[in-house]
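Numbering (full-length UniProt numbering), first residue to last: 1 to 145.
For reference, the structure is listed below as structure tokens.
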Amino acid sequence: MQVDFYQLSRDPVEQVLPAIAGRILDMGARLLVVAQEPDRLERISAGLWAGPPESFLAHGRAGEGAESVQPVLLAMDCAAANGARHVALVDGLWREEALGFERVFYFFDAETVEGARASWRDLAKREGVTPRFWRQEGRKWVQGP
């Protein structure tokens with residue numbers, strides 16, 4: 001399984017996630033987006049709806065019904081009621097349940113960098129887990145060492 005660490009330095013996650021979610025949906029896959037704070041999930045939701053009408057990303061929230069049909073499901077835990085095999089941890093907190101997915105997108109910022117470093121060290125030692133690091137350079141994402 002692959003864990004992609006995304007260090008947010010320029011843009012907040014609600015501006016970054018829609019592009020990644022769009023690529024996942026283009027592959028015919030589904031995404032679970034996880035954060036503990038309801039207000040963060042609300043900002044993510046607004047980011048997914050932003051943009052021209054032809055580019056909005058349909059999504060729903062866990063607990064609001066019809067979870068199983070949502071291409072992108074926003075939740076406070078790693079329970080993929082939409083059958084997603086990709087999960088985005090958008091609050092800088094690692095969750096062991098994420099290891100049950102095929103791919104993890106782990107977003108962290110300056111406030112959560114220490115937890116991300118600890119998670120990287122731990123995951124790099126695990127068999128079958130490939131961690132990759134991405135950082136923002138201007139408007140582009142570049143893979144780090």
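Using N, Cα and C, we set each Cβ at its ideal position, and we do this for glycine too.
Assumed close pair residue i, residue j - CB separation to whole angstroms, cut-off 8 Å
i, j, result
"residue 151", "Trp134", "Residue 151 cannot be examined here, being either before or after the span of the chain that is shown, 1 to 145."
"Ala84", "Leu93", "The pair is not a contact, with the Cβ atoms about 18 Å apart (cut-off 8 Å)."
"Gln2", "Asp91", "Actually they are not in contact, since the Cβ atoms of Gln2 and Asp91 sit about 20 Å apart, beyond 8 Å."
"Ala98", "Met76", "Contact flag wrong, Cβ pair sits at about 14 Å."
"Gln136", "Arg10", "5 Å"
"Pro18", "Gly47", "5 Å"
Element boundaries [beta strand (DSSP E), containing residue i]
i, result
"Val33", "Leu31 to Val34"
"Pro131", "Thr130 to Glu137"
"Trp141", "Lys140 to Gln143"
"Arg95", "Arg95 -> no beta strand (DSSP E), and no H or E assigned at all."
"Arg103", "Arg103 to Phe108"
Of the listed residues the options, nearest to residue i (C-alpha basis)
i, options, result
"Cys78", "Gly63, Trp49, Val33 and Asp11", "Val33"
"Val16", "Pro38, Glu102 and Ala50", "Ala50"
"Ser30", "Val13, Leu41 and Ile20", "Note that residue 30 is Arg in the sequence shown, not Ser. Looking at the Cα atoms, Ile20 is the closest of the given residues."
"Pro131", "Asp122, Glu14 and Glu96", "Asp122"
"Glu42", "Glu14, Gly28 and Leu89", "Glu14"
"residue 148", "Pro38, Gly100, Leu89 and Phe101", "Residue 148 falls outside the range modelled here, since the chain spans only 1 to 145, and no answer is possible."
"Ala116", "Arg103, Arg95 and Asp39", "Arg95"
"Arg40", "Gly138, Ala58 and Pro12", "Pro12"
Alpha helix (DSSP H) segment containing residue i, residue limits
i, result
"Arg23", "Val13 to Asp26"
"Ala80", "Per DSSP, Ala80 belongs to no alpha helix (DSSP H) and is neither H nor E."
"Ser119", "Val113 to Ala124"
Residue i at chain D interface by Cβ criterion, 7 Å
i, result
"Gly65", "In summary, chain D is missing from the structure at hand, where a single protein chain is found."
* Asked: Do three or more CB pairs link the region 110-126 to the region 19-26 at distances below 8 Å?
  -> In short, these stretches do not touch, since the Cβ pair count stays below three.
Which runs of the alpha helix (DSSP H) at least 4 residues long sit entirely within the region 37-78? Give them in chain order. Contiguous alpha helix (DSSP H) elements confined to the region 37-78 occur at 38-49, taking only those with 4 or more residues.
Would you say the region 55-74 touches the region 107-115, given that touching needs at least three Cβ pairs under 8 Å? No: the two stretches stay apart, fewer than three of their Cβ pairs being nearer than 8 Å.
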